[in-house]
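Residue numbers (my numbering): 4 to 282. For each residue, glycine too, the CB sits at the ideal point set by N, CA and C. The block underneath contains the structure these notes are about, expressed in structure tokens.
Pasting the structure below:
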């Protein structure tokens, strides 16, 4: 099985442009359908605001919103015009909250592309939250940084492995949808003096049976805190320059990560490379 149907969360930010560029690279390699999803404010919200504003001001707001939507569609059209499979590029526009729409609609696609969190969207309802999308959509999410540098898709993957459910799901999704990578680095992060997670040798054997050249890269830290783990992952990725980092998302609860910090939150905020996530 390979990627056949991609959803791109698209708004008026640079990060969503990067998500589209990355999705088009996938399209070229896998001959996929690519659908952009944009969100307009709910009609009910406009009706509520109208009663508090002079007619002229309300009309001006409507016109500004219509122009913003036209600009978003125009940006999508220009960026996707060079796609080799242009007949497989689609557009979907819904009303309501952008993140909620991506979560719901994403369940009908193989894969969701979303740009790095960016508050610069012109409407707060247009702001996309990659963390919520990864947590609630039930689909793998490819998180694309603003500093995305287009390149190969799956020549070399780094897998952040802790032997837990979310990491296993992310790797399985990547193998099923991307097909065999040429090389996979299995990265484990442990405190000095402790052993790597059990099962690494079994995982390497599993990857070799997929005809993948796989190796284990253990990294030791003085203290196994979420920040040290995230820092180790980002350091390795800066050195190895993989096409994609594959990792589980929110093995701990999101509430805990929001309150005390966590690996997923840190990676999403600071990563300068594409991240394939699954919850």
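Please state if the CB of residue j and the CB of residue i are separated by a distance shorter than 8 angstroms.
i, j, result
"residue 114", "residue 9", "yes"
"residue 2", "residue 128", "The requested residue 2 does not occur in the structure, where the chain is confined to residues 4 to 282."
"residue 188", "residue 156", "no"
"residue 15", "residue 74", "yes"
"residue 3", "residue 142", "With the chain covering 4 to 282 only, the question about residue 3 has no answer from this structure."
"residue 158", "residue 186", "yes"
"residue 266", "residue 241", "no"
"residue 43", "residue 123", "no"
"residue 190", "residue 239", "yes"
How many angstroms separate the CA atom of residue i from the CA atom of residue j?
i, j, result
"residue 284", "residue 106", "Past the boundaries of the shown model lies residue 284; the chain is included only from 4 to 282, so the question cannot be answered."
"residue 360", "residue 282", "Any property of residue 360 remains undetermined from this structure, which presents the chain solely from 4 to 282."
"residue 208", "residue 228", "29 angstroms"
"residue 109", "residue 117", "11 angstroms"
"residue 195", "residue 76", "52 angstroms"
"residue 272", "residue 120", "7 angstroms"
"residue 244", "residue 12", "25 angstroms"
"residue 1", "residue 246", "Any question about residue 1 goes unanswered here, given that the chain covers just 4 to 282."
"residue 144", "residue 178", "14 angstroms"
"residue 80", "residue 222", "44 angstroms"
"residue 149", "residue 41", "19 angstroms"
"residue 180", "residue 57", "53 angstroms"
"residue 7", "residue 249", "19 angstroms"
"residue 23", "residue 94", "12 angstroms"
Using the rule of at least 16 other Cβ atoms within 10 Å of the residue's Cβ for burial, across every protein chain shown, is residue i buried or exposed?
i, result
"residue 201", "exposed"
"residue 140", "buried"
"residue 153", "exposed"
"residue 104", "buried"
"residue 20", "buried"
"residue 165", "buried"
"residue 30", "buried"
>> Which complete beta strand (DSSP E) runs does the region 209-240 hold, if anything under 3 residues is left out?
In response: Listed in chain order, the complete beta strand (DSSP E) runs (minimum 3 residues) inside the region 209-240 are 216-224.
>> My parser needs the beta strand (DSSP E) runs of 3 or more residues fully inside the region 168-196; what are they?
In response: Runs found: 186-194.
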